[in-house]
Structure formats: C-alpha cells, structure tokens
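Comments concern the structure below.
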Ligand code: KG4
Ligand code: ZN
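Spelled out as structure tokens, the structure:
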C-alpha cells in the first residue's frame, strides 16, 4: 500500500509518500518561515499564495523520490481537509481532488489533529489503542483519550491560547522571531528559571483544562516593566524564556497528573502517554512528561522531532490508518476551517 499525503493547513507546504507498513518513501517540507518572519506570525493570505506556488513541484519531487511514475500506482491520496487556515486547506484539497479525479485513486480527507495524534503509530509500531494523548501545537492544546482511529474522548482543552501560540507570543515580545518555540527553548537553556515567577494558571484545579492567556499577559507586563526601567533586553531575555518554560512545565505536570488519574478510573488499561504536535519537539517539556510518566508507571512515547511539526507523512499515515478500515470519501467533502476531533 502506498499513500500520498498532502498538508497545507498552516505555514508548511508538505508532501510525503508512505507505505502501509510505515516506510516513508519521500518527505518534502517547505517552510514559509521567511515569508511570515517580518509579521511575527502566520499571515493567512501570504500562506495560501505560498502553498499555491509550491505544491505542484513538491508533489512532483515527492513522487520522484518515492520512485512512483504515475498517480494510479498509489493506493490513496490523503489530504488535510481541516482544521486550519482555510485558504491553505482549500489549496491542498483542490489539488488532491484533481489528482484523485484524473487518476481514479481514492481520496481520504484527514483531520490535521488526527494526523498529529496517529503519527506515533507510524514511528513506533508498539503503540496500540487506547492511549492518552497530549496534543500541543500552534493552534491546539488538548488532552485526549485515543480509543481508536476516529475515536477520541476529550479530557481537557485550553480555554484560550494554544501552547505553541503562547511560545510564539513570548518570542515576539522579546523580538526573537518566528516560530517562537524552538528559539525560546534554545534561550531557556542558559537562563535562570527562578528569576521570574509567572502565574501557574489552573494549577490545583480538579479538571484537565488549560489557560495560557494570564501567563502571556504576565510575561508581557514583566518585559514592558523591565524595558521602561531601561534594563537592556539581553540581560533578561534568557531568564524570561527559562522562567516561562518552567512555568509551562509546572502547568503541564499538574494537568497531566489529573488526566492520568481520570484515565486510571475510566480506562485502566491505558498506560501510554503520547505527546504530539509542534510543541512536542520541546526537549524540556518531553523531560517533564518523562518524569510524570515515571512517577505514575506510564510510558512516554513521542514522535521524532522532525515529525512533531507539520509534515506530509503524518497525513499520509492517518490516511493509511483510515484506508485500512475502508474509510475513503467521494469528492463532495468540503475544506473546513474548524473541525474539532470531538464534537
Ligand atoms: O504542529 P505545528 O507545526 O503546527 C500546528 O498545527 O499548529 O506546531 C507549530 C507550533 C508553533 O507554535 C511553534 O512555535 C511550536 O509548535 N514549536 C515549539 C517547538 N517547535 C515548534 N514549541 C516549543 N518548543 C519547540 N521546540
Ligand atoms: Zn499541526
């Protein structure tokens, strides 16, 4: 089985060909970081134009690298059909529909979040359903029970900002560029995490929800105060990053402990925690999760760093999981800006 995966829902144009037993035959990711850099975040109109310009040639390259000459040699064309920036999603979906229509290859609309959720089963064949999932990306922050393909139960969600968004905003306040996650992580390495005490929102509350807007505002106030006192930026940037990241670590630890407790009561066979989405690339957060798992007799599973952020292989793989269950679609499905995993 060979499936082409197309991902255009945010700021990466990504295409991959993956086999049914999880071999990645090709993997193309074209990041739009440079285009969005001056704005400190993704500009939807710029993103969809860049996807339009890049997608044809990325697909050609991915097919060539996978040594597939004709589209009808594929068993499926999987495409992100949402959620995401609608202009970009439309670009990917229209391309996939066109390819499916002319080649007769079945099309598989994939929920981007399901792509992140299932990536671990592409890279680690030992991960079986059900498992507990912390999904943390630029647009989402959720804790879910993953019971099977298309079967999700939500335990917690952010009431406001997504975690990746919080990283991006902190980086923007400090003039560190976009995307903020990797650079905040790097600066935090040599910072003093105890210099600033930011609010641990939701910590101690009995549920599994998150809130990051208070933390973001607290960091902004702190940065503004230091700057207005003419404290040079380079004397506190590392410490802000480290203090922010440590605060995030404490919040995640508290929320995950509740989630594990809930899981134990309702689905005691779960003993695996998967972390997925762009923020899962963060080594500090992985370490904090590793510690929580150790304390609770869970095992932590995380995809390799390059498959944490958006990519085509995760979409191809989710397509394969669905194809194996006979879940294809006709061409009448529509791209969706919003598409929650749990309604
Ligand atoms: O999954 P993703 O590529 O796109 C979405 O579906 O949103 O996630 C992108 C997000 C960005 O907010 C980026 O800053 C964050 O993931 N990110 C990180 C790291 N690498 C990427 N956040 C924290 N630490 C990282 N190392
Ligand atoms: Zn994503």
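Numbering (the numbering used here), first residue to last: 22 to 364.
Every residue, glycine too, gets a C-beta built ideally from N, C-alpha and C.
Here the structure is a predicted model, which means the values were calculated and not measured.
Cβ shell of residue i (< 6 Å), same chain only, five flanking positions each side left out
i: residue 43; result: 143
i: residue 36; result: 27, 49, 79, 80, 83, 333
i: residue 352; result: 118
i: residue 99; result: 24, 26, 129, 131, 336, 337, 340
i: residue 298; result: 137, 156, 157, 158
i: residue 127; result: 97, 349
i: residue 267; result: 214
i: residue 317; result: 281
i: residue 279; result: 229
i: residue 303; result: 206
Residue i Cβ short of 7 Å to the ligand SAH heavy atom set
i: residue 340; result: Although the ligand SAH was asked about, the structure shown includes only the ligand KG4 and the ligand ZN as ligands.
Cβ-Cβ distance between residue i and residue j below 8 Å
i: residue 39; j: residue 338; result: yes
i: residue 159; j: residue 192; result: no
i: residue 226; j: residue 190; result: no
i: residue 10; j: residue 167; result: Only positions 22 to 364 of the chain appear in the structure, and residue 10 is not among them; the question remains open.
i: residue 223; j: residue 175; result: no
i: residue 157; j: residue 296; result: yes
i: residue 379; j: residue 217; result: Any property of residue 379 remains undetermined from this structure, which presents the chain solely from 22 to 364.
i: residue 63; j: residue 188; result: no
i: residue 200; j: residue 34; result: no
i: residue 185; j: residue 202; result: yes
i: residue 264; j: residue 219; result: yes
i: residue 240; j: residue 194; result: yes
Residue i CB to nearest heavy atom of the ligand ZN below 7 Å
i: residue 418; result: There is no way to answer for residue 418, as the model of the chain reaches only from 22 to 364.
i: residue 331; result: yes
i: residue 158; result: yes
i: residue 125; result: no
i: residue 57; result: no
i: residue 298; result: yes
i: residue 133; result: yes
i: residue 72; result: no
Cut-off 7 Å between Cβ atoms - residues of its own chain near residue i, not counting five sequence neighbours on either side
i: residue 109; result: 29, 30, 31, 68, 69, 72
i: residue 58; result: 198, 199
Residue i versus residue j: straight-line alpha-carbon distance, rounded
i: residue 136; j: residue 335; result: 5 Å
i: residue 87; j: residue 23; result: 10 Å
i: residue 133; j: residue 250; result: 44 Å
i: residue 357; j: residue 105; result: 7 Å
i: residue 258; j: residue 208; result: 7 Å
i: residue 248; j: residue 254; result: 7 Å
i: residue 292; j: residue 326; result: 22 Å
i: residue 101; j: residue 95; result: 17 Å
i: residue 139; j: residue 115; result: 24 Å
i: residue 305; j: residue 245; result: 26 Å
i: residue 77; j: residue 125; result: 19 Å
i: residue 181; j: residue 162; result: 9 Å
i: residue 152; j: residue 289; result: 10 Å
i: residue 103; j: residue 206; result: 28 Å
i: residue 198; j: residue 93; result: 42 Å
i: residue 312; j: residue 270; result: 11 Å
i: residue 260; j: residue 242; result: 15 Å
i: residue 177; j: residue 363; result: 11 Å
i: residue 165; j: residue 173; result: 6 Å
i: residue 113; j: residue 61; result: 24 Å
Closer than 7 Å: residue i CB and nearest the ligand KG4 heavy atom
i: residue 50; result: no
i: residue 265; result: no
i: residue 262; result: no
i: residue 43; result: no
i: residue 137; result: yes
i: residue 203; result: yes
i: residue 275; result: no
i: residue 31; result: yes
i: residue 200; result: yes
Residues near residue i by beta carbon distance below 8 Å, same chain, minus five either side
i: residue 314; result: 294, 320, 321
i: residue 307; result: 296, 301, 321, 323
Scan the segment 62-131 and note each continuous alpha helix (DSSP H) run of 4 residues or more that stays entirely inside, going in chain order. 65-86, 107-124
Would you mind listing the alpha helix (DSSP H) stretches within the segment 240-290 that are 4+ residues and don't spill past its ends, in chain order? 258-287
At what residue ranges does the segment 293-343 contain a whole run of the beta strand (DSSP E), taking only runs of 3 or more? 293-297, 320-322
Contiguous beta strand (DSSP E) assignments of at least 3 residues, all confined to the segment 168-255: 172-178
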